[in-house]
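Chains as they are written, first to last, in my numbering: chain L, 22 to 684; chain H, 4 to 223. Cβ atoms here follow ideal geometry from the backbone N, Cα and C, with glycine treated the same way. Source: prediction; values computed, not measured.
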């Protein structure tokens, strides 16, 4: 079966699974034992189909759906196949996890959640295969709405409703921008198929308008600063599998949209677009990670870390445009490879971390880092899987995060070859900012892992928690295995990305990216990396150390109390907290935050310490806009009379006026 | 025979439709209002069936049948049941007195004919002269919705507006495509049901069916 047909069938299968959930909306057994496993299998199948399609030639077809004379067009090429692979592989893990995660009496009934969840998956896949603006927008809006209902699944809490509203608002702003972008791309021909847009040679002015609109629209979905505010609200509000799916896959569909519009539909970008994307990416990366460092809620922390990763992806994208604009093909291919590689990596490790956070949340009913601790004793499976994700996201070899960040830095280090003097001076600063973000992300992840899983339990009831069930473990293990595989076999992955970079930039780095053992993206003399060798050496060192300890250590254990500085009552609450861990970052990056601090007076008998770290952009950008809108609406309320007759009068008068007008 | 008298009969039916619209505008009793609405539906059914026979369009027979079932029996039955359960058979209070309303109505009819004249020139159907009447009866029903203060007559006005639209569709272009027509019929049914629920809610909250009391809901 051709891969496009198979993909469309799998999308239909996801929809059917979702609808099947409505047969018995209250049945937890049906949803968690039949439908979600079915969804996971469909995800795996989609990944397999997409893997084949990457190397196949582009295929397209007209679907018998849509409006009369305006049918849906679908197309699969290397770029969409790659993102379908990402979607399928990650969704398989998340769906498996969700089988064990669903509980009776939490949020919406399971059947309804099943419907929204699978509609979300199907619409994301539909976005990736859409080949005309109409189908794309339908799928895009379905994605936004289904994820909105998933986010507000626990809608009894006011703050969750608020988060959902904010998310929907920004999603709609983004959608309007994307719609206008397609309007600019069709160049007055009235033909909204992507095929027609590819053929049109855009004048530079309109191409720039389309690019800026696409950047704003897709950036709103991806969470690029300053359109990021929904992300740290919506991700913690959603159930954990949904946060994982949103962060791992939905943000990537926005990246896909950006790549599709700029590299495929517009064709040849101007170099300075790259500078804008690069700047937005760098700001997002630094902003995200600095805010992640001061969070005390584990899912908010992960959400801010998603902003950072999207920032890294965006700066890779900007670099691609920059090189492409100066027609430096090989380097553009390198930057694009790094961008796509990081998309794949982030999908795996971020979903792994969100799911681990979900397991912790279910086991302890606690999201605040300051009330967790020592969980590695109680939840070894979750803890070890989360460790893999933590090491990967911190960018340590031999896991996957290192490979893509290394490739990205390699791409940055080639910028001195740019034929533009100012760029040559500025881009190294950008490289330094990327390095800073990468280092800070290591810091944040030490905090995340250390405070949750290591040390002593900070609350007494944590000693009664239990480990994740078999379904959850399987999902976590699948994603962890993905992180390890992507880290150990970079050359294979890069050869997967080769068809994409070839079609987008005309060059590929896969063929000469080195042997099976060494990854050398440009040339071996410059830089090369061998994860397998690193892994073997690291393992050997550990084994040798362990053996030598076994051989030479005398084995007599002496147990005694720890050194307590002369203070005899040490307890778990004296450990370093998440708050304390983030303190240095809060001081160094003071101008980023708006801090409200309440310190108790020394004479207070019941001292309370409170500090609130907020986003300045909220006060500088969002609230002024909201107030302005409110002022304008006050003017409009004059029309509100509260009488039906008057309202009918309005429509009647409008009708008569229009009739007279058309006459 | 049919070909000869058909267009004349359609013109006659159109005139009856307009007359009924005026009758509804001036009617004070809700019960008679419903009966007038049913009568209007019946006229609509007759004219649609006649157009179908004249032009030999199969799908118009279906829409005639839908009209008969929906507008002559089902909707009046729902409305009858509604007012029985609400126990509102008393006279309708209008916002503007009836003679003024009638005068405004006549002006509207003139306006409608004036507006429809150029369109009628374009339409090549046997029924084109009736377009003005269709538009007029639609505007009159709209007018009725504005001048009544109680909820039930407003609902009837809304439903009868759809009658005018439907008549316009058959008059100007021999009906809409079947899908659209069925969709509109379903919409009307759903609207009647939803508005029925609204009416109950309004009475529940305000102890009256007078929509003027909804003014309390205004934001200050």
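Item to check | Outcome for residue 335(L) when other beta-carbon atoms lying within 10 angstroms are tallied against a minimum of 16 | outcome: Classification of residue 335(L): buried, given that the 10 Å Cβ count is 16 or more.
Checklist entry - Is residue 669(L) close to chain H, meaning its C-beta is less than 8 Å from at least one C-beta of that chain? => result yes
Checklist entry - Unbroken alpha helix (DSSP H) runs of length 4 or more, entirely within the stretch 522-603 of chain L: which are they? => result 552-573
Item to check | Residue range of the alpha helix (DSSP H) that includes residue 101(L) | outcome: 99-122
Next on the checklist: Please state whether the Cβ-Cβ distance between residue 206(L) and residue 311(L) is less than 8 Å.
Outcome noted: no
Checklist entry - At a CB-CB cut-off below 7 Å, which residues of chain H make contact with residue 673(L)? => result 145 and 149
Checklist entry - For residue 148(L) versus residue 274(L), is the C-beta spacing smaller than 8 Å? => result Yes, Cβ-Cβ distance for residue 148(L) and residue 274(L) is below 8 Å.
Item to check | Beta-bridge pairing of residue 214(L) - partner residues as DSSP gives them | outcome: 153(L)
Item to check | Nearest-angstrom Cα separation, counted from residue 170(H) out to residue 94(L) | outcome: 38 Å
Checklist entry - Does the beta carbon of residue 123(H) sit closer than 8 Å to a beta carbon anywhere in chain L? => result no
Next on the checklist: Quick check: what's the CA-CA separation for residue 257(L) versus residue 378(L)?
Outcome noted: 10 Å
Checklist entry - So residue 162(L) packs on residue 140(L), CB below 8 Å; how close in whole Å? => result Rounded, the Cβ-Cβ distance is 12 Å, inconsistent with contact.
Checklist entry - From the beta carbon of residue 678(L), is the nearest beta carbon of chain H less than 8 Å away? => result no
Item to check | As assigned by DSSP and simplified to three states, the class of residue 350(L) | outcome: helix
Item to check | C-alpha gap between residue 566(L) and residue 605(L), whole angstroms | outcome: Their backbone Cα atoms lie some 34 Å apart in a straight line.
Checklist entry - Is DSSP giving residue 144(L) helix, strand or coil here? => result When DSSP states are grouped into helix, strand and coil, residue 144(L) belongs to the helix group.
Next on the checklist: Suppose only complete runs of 4+ residues qualify. What are the alpha helix (DSSP H) ranges in the stretch 211-276 of chain L, listed by chain order?
Outcome noted: 215-220, 225-243, 251-258 and 261-266
Item to check | Runs of alpha helix (DSSP H) wholly within the stretch 322-387 of chain L (minimum 4 residues, chain order) | outcome: 350-385
Checklist entry - Where residue 552(L) and residue 510(L) are concerned, what is the direct C-alpha to C-alpha distance, given to the nearest angstrom? => result 8 Å
Checklist entry - Of all the residues that make up the stretch 152-169 of chain H, which are near chain L by a beta-carbon distance shorter than 8 Å? => result 152 and 157
Item to check | 8 Å contact criterion, which residue 146(L) and residue 32(L) should meet: CB distance rounded | outcome: Right, their Cβ atoms sit about 5 Å apart.
Checklist entry - Along the chain, where does the beta strand (DSSP E) that runs through residue 85(L) open and close? => result From DSSP, the beta strand (DSSP E) with residue 85(L) extends over 80-88.
Item to check | Beta carbon of residue 160(L) nearer than 8 Å to that of residue 151(L) | outcome: yes
Checklist entry - Mind pulling the chain L residues with CB within less than 8 Å of residue 118(H)? => result 680, 681 and 684
Checklist entry - In chain order, what residues of the same chain have a beta carbon less than 8 Å from the beta carbon of residue 555(L), not counting five sequence neighbours either side? => result So the qualifying residues of the chain are 418 and 419.
Item to check | Range of the contiguous beta strand (DSSP E) that encloses residue 616(L) | outcome: 614-619
Next on the checklist: Looking at the strands, I want to know which residues DSSP matches up with residue 95(L).
Outcome noted: Beta-bridge pairing links residue 95(L) to 82(L) and 151(L).
Item to check | Straight-line Cα distance separating residue 487(L) from residue 71(L) | outcome: The alpha-carbon atoms of residue 71(L) and residue 487(L) are separated by roughly 38 Å.
Next on the checklist: Quick test of the definition: if touching needs 3 or more C-beta pairs under 8 Å, does the stretch 467-478 of chain L touch the stretch 447-457 of chain L?
Outcome noted: At 8 Å Cβ cutoff, the stretches do not touch.
Checklist entry - Comparing the C-beta of residue 663(L) with each C-beta of chain H, is any distance below 8 Å? => result yes
Checklist entry - If residue 501(L) sits next to residue 409(L), beta carbons under 8 Å apart, how far is it from one beta carbon to the other, in whole angstroms? => result 4 Å
Next on the checklist: Mapping the DSSP letters down to three states, classify residue 285(L) as helix, strand or coil.
Outcome noted: helix
Next on the checklist: Measuring straight from C-alpha to C-alpha, what distance separates residue 365(L) and residue 107(L)?
Outcome noted: 6 Å
Checklist entry - With 16 other CB atoms within 10 Å as the buried threshold, where does residue 279(L) fall? => result Taking every protein chain shown into account, the CB of residue 279(L) has 16 or more other CB atoms within 10 angstroms, so this residue is buried.
Checklist entry - For a contact meaning CB atoms closer than 9 Å, what does residue 98(H) contact in chain L? => result 666
Checklist entry - Are three or more beta carbon pairs between the stretch 204-212 of chain H and the stretch 102-110 of chain H nearer than 8 Å? => result Contact between the stretch 204-212 of chain H and the stretch 102-110 of chain H is absent: fewer than 3 CB-CB pairs across the two stretches fall below 8 Å.
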